[in-house]
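Residue numbers (the UniProt record's numbering): 1 to 423. Here's the structure, in structure tokens; my notes come after.
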């Protein structure tokens with residue numbers, strides 16, 4: 001337990017709406033906070049600037065006198081031995097229990113237009129007239145994002161329960177691993193030559209930003225794309241139903257593959273739209289079950305892992321919901337979604353699948369493999385082969401799920417027509 005701010009602290013004067021309307025700026029430090037519910041739902045509050053700003057906000061509003069928000073566990077955080085929290089703030093915390101250190105992740109800022117530097121969206125507007133503090137949905141760049149996902153049952157790879165046991169691997173993992181290793185003519189030595197491999201290494205070394213990696217390096221890994229309309233990326237999954245409590249940003253994979261929405265029967269798509277349609281723009285791919293998080297050389301792998309974990313769970317939920325449409329199929333422990341990370345020349349691939357226990361649906365992440373693609377031509381071929389094979393496999397799973405949903409939809413329509421006739 002921790003008791004915060006037993007000593008009085010200097011207050012910042014409240015923002016007067018009249019003064020603000022004359023040009024006074026709102027302190028940006030309070031406009032980028034996650035919503036209050038995000039902090040309330042955490043079992044352990046990390047000791048970060050944002051957490052302290054949230055405490056300041058509650059103190060300034062005078063609502064904390066009888067609040068238990070501060071009676072929580074705090075996590076110590078250090079980077080190279082230096083806390084991110086100013087000494088002035090630290091000195092006013094009288095008692096707290098420290099957990100293991102963790103880095104406070106902040107999105108990189110630069111003047112370039114690459115996605116590595118983009119600020120997460122979904123920012124609630126400031127109500128200047130009523131002086132309402134705004135809040136920003138929490139993104140993978142926030143330290144608390146990992147804990148938030150875990151609390152809502154979106155688990156990382158190699159997650160262990162309280163008894164030290166790992167979550168169950170997907171039942172079809174052996175088939176997935178076998179599929180990943182199938183040979184591909186496009187990667188045979190006569191087609192993908194040593195010269196091609198050296199060009200890949202050259203492009204990878206030259207790519208200093210995430211956008212460059214996506215545009216110059218990933219196309220070599222992906223090879224020829226049979227259906228370009230089934231590939232997209234950089235699209236906020238804002239149309240999807242929240243996976244947790246709605247206090248985190250929508251998914252936003254750098255690259256994802258789905259199916260054309262018109263493959264669904266219209267009434268089936270309407271029923272499933274907030275599970276399978278990432279965007280209200282209906283010409284973008286639906287049922288995104290193959291995604292990849294791309295990072296430049298200065299990007300953080302930890303952020304990429306959180307993005308892949310989140311996007312993979314969204315894909316797994318979409319696939320299981322489509323297979324289960326019309327209650328025609330019972331939940332299983334198989335994986336139908338693949339999520340990947342490309343960072344620093346290394347490709348890591350994972351499955352994401354639903355697990356059902358005690359009436360709850362949770363999501364597990366299982367590693368398929370990892371390849372240092374720049375290490376050798378053989379390494380590249382093995383990794384690119386797995387990527388391309390499982391991209392094709394993911395398409396087959398989508399086709400099967402959509403076919404099952406459409407068939408169930410036909411039965412539902414037929415049953416409804418019989419009921420009308422009977423009446």
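Note that the Cβ used here is the ideal one computed from N, Cα and C, for glycine as well. On a predicted model such as this, the values are computed, not experimentally measured, just so you know.
Item	Value
Inter-residue spacing [alpha-carbon to alpha-carbon] between residue 180 and residue 253	22 Å
Closest by C-alpha distance to residue 355, when choosing among 170, 191 and 186	170
Residues near residue 154 by beta carbon distance below 8 Å, same chain, minus five either side	243, 244, 309, 310, 313, 362 and 363
Closest Cα partner of residue 338 within the set 315, 182, 327 and 320	315
Exposed unless 16 or more other CB atoms sit within 10 angstroms - verdict on residue 342	buried
Complete runs of the beta strand (DSSP E) confined to the stretch 223–293 [at least 3 residues]	255–259
Contacting residues, own chain, Cβ-Cβ under 7 Å from residue 503 (five flanking each side not counted)	Only positions 1 to 423 of the chain appear in the structure, and residue 503 is not among them; the question remains open.
Limits of the beta strand (DSSP E) - the one that residue 301 falls within	Run containing residue 301: none in the beta strand (DSSP E); it sits in the alpha helix (DSSP H), 301–323.
Contacting residues, own chain, Cβ-Cβ under 8 Å from residue 389 (five flanking each side not counted)	179, 180, 181, 182 and 184
Distance between residue 323 and residue 193 (C-alpha atoms, nearest Å)	41 Å
Between the CA atoms of residue 295 and residue 212 - distance to the nearest angstrom	10 Å
Nearest-angstrom beta carbon gap, residue 250 and residue 237 [assumed within contact, 8 Å]	4 Å
Residue 360: first and last residue of the uninterrupted beta strand (DSSP E) it sits in	360–372
Endpoints, beta strand (DSSP E) assigned at residue 354	346–357
Residue 386 and residue 319 closer than 8 Å at C-beta	no
Rounded straight-line distance, which links the Cα of residue 230 to that of residue 73	Low local confidence applies: a pLDDT of 45 at residue 73 is under 50, so the model's placement there is unreliable, with the coordinate-based value given in what follows. Looking at the two C-alpha atoms, the distance is approximately 45 Å.
Same chain, Cβ closer than 6 Å to residue 216, five either side skipped, listed in chain order	203 and 207
Cβ neighbours of residue 65 in the same chain (closer than 8 Å, five flanking residues each side left out)	A caution first: residue 65 carries a pLDDT of 49, below 50, which makes its placement in the model unreliable, though a value can still be read off. Cβ neighbours of residue 65 beyond the five flanking positions: none.
Where residue 152 falls: helix, strand or coil (DSSP)	coil
Three-state class that DSSP yields for residue 342 in the structure shown	strand
Nearest-angstrom Cα separation, counted from residue 205 out to residue 298	12 Å
Residue 374 versus residue 199 - alpha carbon distance	10 Å
Length of the line joining the Cα atoms of residue 162 and residue 146	17 Å
Burial state of residue 186, where buried means 16 or more other Cβ atoms lie within 10 Å	exposed
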